[in-house]
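In mature numbering (1 follows the signal peptide of the UniProt record, and there is no 0), the protein residues as written are -17 to -1, 1 to 180.
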C-alpha cells in the first residue's frame, strides 16, 4: 500500500488529471488510465516475484512457536480439503468473512468516497495520501505492534484483538461522521453528518 500510494502520488503529479467545468470529479484520458494501471500491474508483478522467492522455512511467529517446516505447494493443496472441514476452521470462517469485508471496505469503498466527494475534488492527491497512510499503518502494525505483542507473552491474541477492535471502531465512526451519504455510489455535493472534509 505504501509503495502503491507513492507511485500513485508520482503518477498524479506527472499527469495532472483534467477537471471539466461543472464536473463533480476528476476525469482521466485513456493514456493516463493505461499509465496508472500499467504501473500498478508492474508493481503487482514485482510483488509476485518477491513472494515466489521467499524461503519456505517457518521462522519465529507471534501466532505460533512451531519449528515445523512449511509443506510444499502440492502438499498444501492435498491437505486443503481436510482442513476446510475441521471444526476450528468452520468456527473461524465468519471471522475470515469479516476480515475480507473490512479490508474490502477500507481499500475499495472508502477511497471511492474520497474521490466522489465534491469538497475533495480539487485535491488530486487525496487517494494517494490515503494509500500512503494505509501503508504506514501496515508498517506500524508490523514493526511496533509486533514488539508490543512479543512482550505480552500470555496475552498475545488479546492484545491483537483489542488493538484491532479499537482501531477499526474509531475508523468506522470517523468515516461515518465524515462521508456524504451518496458518495459511495456516485459523485455528490451532499453534506456530511458531523465532520466536514
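All residues carry an ideal CB built from backbone N, CA and C; glycine is no exception.
Distance between residue j and residue i (C-alpha atoms, nearest Å)
| i | j | result |
| --- | --- | --- |
| residue 19 | residue 100 | 21 Å |
| residue 130 | residue 123 | 10 Å |
| residue 55 | residue 128 | 30 Å |
| residue 74 | residue -12 | 38 Å |
| residue 36 | residue 102 | 44 Å |
| residue 12 | residue -6 | 12 Å |
| residue -14 | residue 158 | 22 Å |
| residue 144 | residue 116 | 21 Å |
| residue 62 | residue 52 | 15 Å |
| residue 29 | residue 98 | 27 Å |
| residue 77 | residue 26 | 31 Å |
| residue 147 | residue 155 | 12 Å |
| residue 21 | residue 137 | 46 Å |
Enclosing alpha helix (DSSP H) for residue i [first to last residue]
| i | result |
| --- | --- |
| residue 59 | 56 to 67 |
| residue 152 | 139 to 161 |
| residue 102 | Taken as a continuous stretch (DSSP letters only), residue 102 belongs to no alpha helix (DSSP H), as it is neither H nor E. |
| residue 73 | 70 to 87 |
| residue 164 | Counting along the chain, residue 164 falls outside any alpha helix (DSSP H), and DSSP gives it neither H nor E. |
| residue 135 | Taken as a continuous stretch (DSSP letters only), residue 135 belongs to no alpha helix (DSSP H), as it is neither H nor E. |
| residue 110 | 109 to 123 |
| residue 15 | 13 to 36 |
| residue 53 | Per DSSP, residue 53 belongs to no alpha helix (DSSP H) and is neither H nor E. |
| residue 91 | It is not in any alpha helix (DSSP H) - residue 91 carries neither H nor E in the DSSP assignment. |
Cβ distance (whole Å) where residue i is taken to contact residue j below 8 Å
| i | j | result |
| --- | --- | --- |
| residue 107 | residue 94 | 13 Å between Cβ atoms; not a contact. |
| residue 135 | residue 126 | Not quite, the Cβ-Cβ distance comes to about 16 Å (not below 8 Å), so this is no contact. |
| residue 24 | residue 118 | Not confirmed; about 18 Å, so no contact. |
CB contact flag (residue i, residue j, <8 Å)
| i | j | result |
| --- | --- | --- |
| residue 166 | residue 96 | yes |
| residue 177 | residue 160 | yes |
| residue -8 | residue 114 | no |
| residue 15 | residue 104 | no |
Proximity test, Cβ basis, 8 Å: residue i and chain B
| i | result |
| --- | --- |
| residue 53 | Of the protein chains in this structure there is only one, and it is not chain B. |
Beta-carbon proximity list for residue i, same chain, < 7 Å, skipping 5 on both sides
| i | result |
| --- | --- |
| residue 163 | 100, 171, 173, 174, 175 |
| residue 132 | 45, 139, 142, 143 |
Close-in-space but distant-in-sequence residues of the same chain around residue i (CB under 8 Å, 5 per side omitted)
| i | result |
| --- | --- |
| residue 88 | none |
Any non-hydrogen atom of the ligand ATP within 7 Å of residue i CB
| i | result |
| --- | --- |
| residue 83 | Looking for the ligand ATP in the displayed structure turns up nothing, as the structure carries no ligands at all. |
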